[in-house]
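Counting from 128, one number per residue, gives the positions in the sequence shown under my numbering. All C-beta atoms in this analysis are idealised placements derived from N, C-alpha and C, irrespective of residue type, glycine included.
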Amino acid sequence: MRIVVGVGGGIAAYKACSLVRKFTETGHDVRVIPTESALQFVGKATFEALSGNPVNTGVFADVPEVPHVRLGQEADLVVIAPATADLMARAAMGRADDLLTATLLTARCPVLFAPAMHTEMWLHPATVANVRTLRSHGAIVAEPASGRLTGADTGPGRLPEAEEIFALASLLLERADAIPRDLEGRRVVVSAGGTREPLDPVRFLGNRSSGKQGYALARLAAQRGAHVTLVAGNTVGLDTPAAVDLVQVTTAEQMRVAVDKHAAGADAVIMAAAVADFRPVHVAAAKIKKGAGEPNSIELIKTDDILSGLVQARRDGRLGAAAIVGFAAETGDENGDVLTYARAKLKRKGCDLLIVNAVGEGRAFEVDHNDGWLLGADGTEQALDHGSKALLASRVLDALGPLLR
Ligand SMILES: Cc1cc2nc3c(=O)[nH]c(=O)nc-3n(C[C@H](O)[C@H](O)[C@H](O)COP(=O)(O)O)c2cc1C
């Protein structure tokens, strides 16, 4: 695919280098268009070497090629990272006083702005209005991350890491309409990752959940405008998605307490975590030793079923969530296929939506791709085609819309 990476003149311009590299390494043809200010931060040679293409900032270079029109027309995706306050102001006005803004006017593909600036600049009414204008023109303006800015101050305005911008950009290449602002003002709780049930100070019972699917859901829900709380168990060292509140837990019981707490007042709860069904009855205070007196079995007790508990709380009027979504990792056997078990589970749990992944043979767990079915309590069944976990997340969030209205 042809990707234009626009780079604004902010301190985070160095992160654009990693982003360009990710695009070229995944086989895309990348044209970098920095602003004049961006070249104060990163040299033209760096962008030329990383992209393998010439780099210009103005409209008067290579005039016979008319790049100010052609680059935008031919692009499959335009990503601006970092998007400065000034650049977004010029883009919102429809100015075309350099190659990047001219390109933005001719592009008809998805356009993703990844803003980066100090919190004061991000929250200024002028910037807020410019972001609204750009979104009304069809551009996707990503929520920035919170954290350390230039200097010692912190707050929203930080450029998300290159991996995260890459994930959003890749999703737009899979599905151009995957990031609408349809969850604006909604509160969403997402659980992710696997729980760990201790046996002694060293050992635990765990599972193979990587957290990737739950993180993809949390990331996308936030980018679609929701206020997201992500209750995360053990993951494969994933970075916290931008604009998401992270609550870290370990055991099934801790996850239940955290989910119940944050579900109060939420519009939707999405249980993508792999929660242990059983935990050891006894947790040894000291490491269980080999040798005499060693245990030859572990006595287990059932943990509380978080999903069923949420449904029950709603039935009792203790929970107002309009959408309760479950995930099921299933395998078929001689008594039934994956879908048969999933339909039974949906009925048993009483949630509004159940996403079923067939697991085993390198599927669903730990990998970056997923597929399955989306079952609705109203009897609807939708096949979720094979694609990235972000793509599957976008289909799940689409299905939330009607439940929240
Ligand atoms: C050290 C330094 C860091 C800057 N960082 C940012 C930033 O992160 N975000 C931003 O909007 N402007 C930042 N600016 C201000 C922009 O460089 C300035 O507004 C410039 O006109 C932006 O030009 P451009 O949008 O055409 O790239 C910074 C300026 C300096 C000197």
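- In this structure, Ala440 keeps its C-beta atom at 7 Å or more from the C-beta atom of Leu481.
- The distance from the Cβ of Gly341 to that of Ala399 is about 4 Å, consistent with a contact at the 8 Å cut-off.
- Of Met248, Arg302, Lys472, Asp156, the smallest CA-CA separation from Lys516 is found for Arg302.
- In this structure, the C-beta of Met382 stays at least 6 Å away from each heavy atom of ligand 1.
- Here the alpha carbon of Lys476 sits roughly 31 Å from the alpha carbon of Ala369.
- Contact between Leu357 and Val376 fails: their C-beta atoms lie close to 11 Å from each other, not under 8 Å.
- Between Pro287 and the set Leu250, Ala272, Lys474, the nearest pair of CA atoms involves Ala272.
- Between the alpha carbons of Arg222 and Gly133 lies a gap of roughly 15 Å.
- Per DSSP, the continuous alpha helix (DSSP H) segment holding Gln350 begins and ends at 339-350.
- Ranking Leu146, Val363, His245, Phe405 by CA distance to the CA of Val205 puts Leu146 first.
- In this structure, the straight-line span from the alpha carbon of Arg406 to that of His496 is close to 29 Å.
- The beta carbon of Gly282 sits no closer than 6 Å to any heavy atom of ligand 1.
- Per the CB criterion, closer than 5 Å to any heavy atom of ligand 1, the qualifying residues run in chain order as Gly135, Gly136, Gly137, Ile138, Thr162, Ser164, Thr211, Ala212, Asp213, Leu214, Ala243, Met244.
- Beta-bridge partners assigned by DSSP to His496: Ser515.
- When the five nearest sequence neighbours on each side are left out, the beta carbons in the same chain lying within less than 6 Å of the beta carbon of Asp479 are those of Ala450, Ile451, Ala504, Leu530, in order along the chain.
- Beta-carbon to beta-carbon, Ala353 and Arg313 are separated by about 5 Å, close enough to satisfy the 8 Å threshold.
- DSSP places Phe187 outside both helix and strand once states are collapsed to three, so it counts as coil.
- In chain order, Pro325, Leu326, Asp327 place their CB closer than 8 Å to the CB of Val410, counting only its own chain and leaving out the 5 sequence neighbours on each side.
- Remark: C-beta atoms of Ala345 and Val371 approach each other more closely than 7 Å.
- Annotation for Ser521: Leu298, Arg302, Ala305, Leu347 place their beta carbon closer than 7 Å to its own, counting only its chain and skipping 5 residues before and after.
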